[in-house]
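Novice: Note that the working numbering has the sequence shown beginning at 2, numbered continuously upward. Using N, Cα and C, we set each Cβ at its ideal position, and we do this for glycine too. Everything numeric in this text was worked out from a predicted model, so none of it was measured.
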Amino acid sequence: MPLRVQEVLARSVVHRSRIPGIDFVINPYSGCAFGCLYCYADFTRRFHKGPEPWGRYVDVRVNAPDRVYRELRRVPAGSRILLSSVTDPYQPAERRYRLTRRILEILLQRPDLKVSLLTRSPLVVRDTDLFRRFGTRLEVGLSIPTNREAVRRIFEPRSPALDRRFQALALLHQAGIRTYAFLGPLLPCDPEDLGRRVAPFADEVLVDGLHYPWKVRALLERHGFEHILDPKWYHRAVAVLQRVLGERVQVVGAPSPLRRRRRPEPYT
Ligand code: SF4
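1. Does the beta-carbon of G36, which I'm using as the reference point, lie nearer than 7 Å to any heavy atom of the ligand ZN?
2. In the DSSP assignment, find the alpha helix (DSSP H) that holds L163 and state where it starts and stops.
3. Got a sec: does the ligand SF4 put a non-hydrogen atom nearer than 7 Å to the Cβ of R154?
4. Looking at the C-beta of R198, does it have a partner C-beta in chain B at a distance below 8 Å?
5. Does the Cβ of T137 have 16 or more other Cβ atoms within 10 Å, making it buried, or fewer, making it exposed?
6. Quick check: A182 and L163, are their CB atoms within less than 8 Å of each other?
7. Between L211, V206, F48, which has its C-alpha nearest L119's C-alpha?
8. Are the CB atoms of L184 and P214 within a distance shorter than 8 Å?
9. Looking at C-alpha atoms only, which residue of K115, R179, A34 is the closest neighbour of R133?
10. Just list the residues that DSSP pairs K115 with in beta bridges.
11. Tell me the residue span of the alpha helix (DSSP H) that contains H236.
12. Taking 8 Å as the limit between beta carbons, can you name the residues of its chain near D204, skipping five residues before and five after?
13. List the endpoints of the continuous beta strand (DSSP E) containing T180.
14. Roughly how many angstroms lie between the CA atoms of P186 and E222, to the nearest whole one?
15. Tell me whether H287 is buried or exposed, calling it buried when 16 or more other Cβ atoms sit within 10 Å of its Cβ.
16. What does the alpha-carbon distance come out to for the pair S85 and G225?
17. With a threshold of 7 Å (Cβ to nearest heavy atom), would G210 be considered close to the ligand SF4?
18. How big is the Cα-Cα spacing for Y268 and G22?
19. Check whether the region 31 to 51 and the region 87 to 95 are in contact - that is, three or more C-beta pairs closer than 8 Å.
20. Does the beta-carbon distance from P315 to I107 come in below 8 Å?
21. Quick check on the DSSP output: the alpha helix (DSSP H) that includes I107 runs from which residue to which?
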């Protein structure tokens, strides 16, 4: 099924967040062209008008910058805002629509706010000039859940290649931007090599486990990767990362058990 990109109007885009350390989230798009198979954000599909499954549609919230301009009035000074929690702010549609960039230009006018960006896309490097103007109140994160390209192709077949993400992290860091690597959900990998590759270019490293394993259970079994659901594997990998990266490592979660259970969506 081809990707469907359509323009929509959003009623509101600045939302309070339950993510630890994040006060508000902004999602300029709904849906995501990267369509990672383990993605936790597919619950947002209920807002999409159309038959496309998760990963095959992008709703471009064309009025998002206007909404941000208005809704920022109720965001208190000192708040930290994340772009984004349930979409990728630098997915391919951003090349044309530039919503993330326009929202950042608005956020620049609020020097009392802190901003975190998180993406899998090397397109993020395009906005380095803007990031510089934020100074230390902005940080940019690259999601890099494995060091093995073959694993990336299994679980994230439409996302950017890992080499391009490592390179984006390096370019941002070399440009003087505060950076972090998000190693999550930690997929089958060589944690020693993964840690060494991000070490020179990440001021901080966040590690998280796989939260909705039943979504990729068949894939895990087909490729002999069930071991990543074992908390012991995860803790060993984290220990290696801590040895390589020291105190920069922050563990933000652990793999969920395979048994399906209801839990609140944690990343909204
Ligand atoms: S890039 Fe993020 S939002 Fe997009 S499919 Fe992957 S995990 Fe989900």
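Specialist: In terms of the structure at hand:
1. No copy of the ligand ZN appears in this structure; the ligands present are the ligand SF4.
2. 163 to 175
3. Because no heavy atom of the ligand SF4 lies under 7 Å away, the Cβ of R154 does not count as near it: no.
4. No chain B appears in this structure, which consists of one protein chain only.
5. exposed
6. no
7. Distances from the alpha-carbon of L119 to those of L211, V206, F48 put V206 closest.
8. no
9. In terms of CA proximity to R133, R179 leads the group K115, R179, A34.
10. R81, per the DSSP bridge assignment.
11. 232 to 246
12. E140, H174, R179, T180, Y181, R249
13. 179 to 184
14. 17 Å
15. The displayed coordinates of the chain run from 2 to 269. Any statement about residue 287 would go beyond what the structure contains.
16. 32 Å
17. no
18. Low confidence applies to Y268: its pLDDT is 45, below 50, so where it sits in the model is not reliable enough to give any reading.
19. Using a C-beta cut-off of 8 Å, the region 31 to 51 makes contact with the region 87 to 95, since at least three inter-stretch Cβ pairs fall below that distance.
20. Because the chain is modelled from 2 through 269, residue 315 falls outside the range shown and cannot be assessed.
21. 100 to 108
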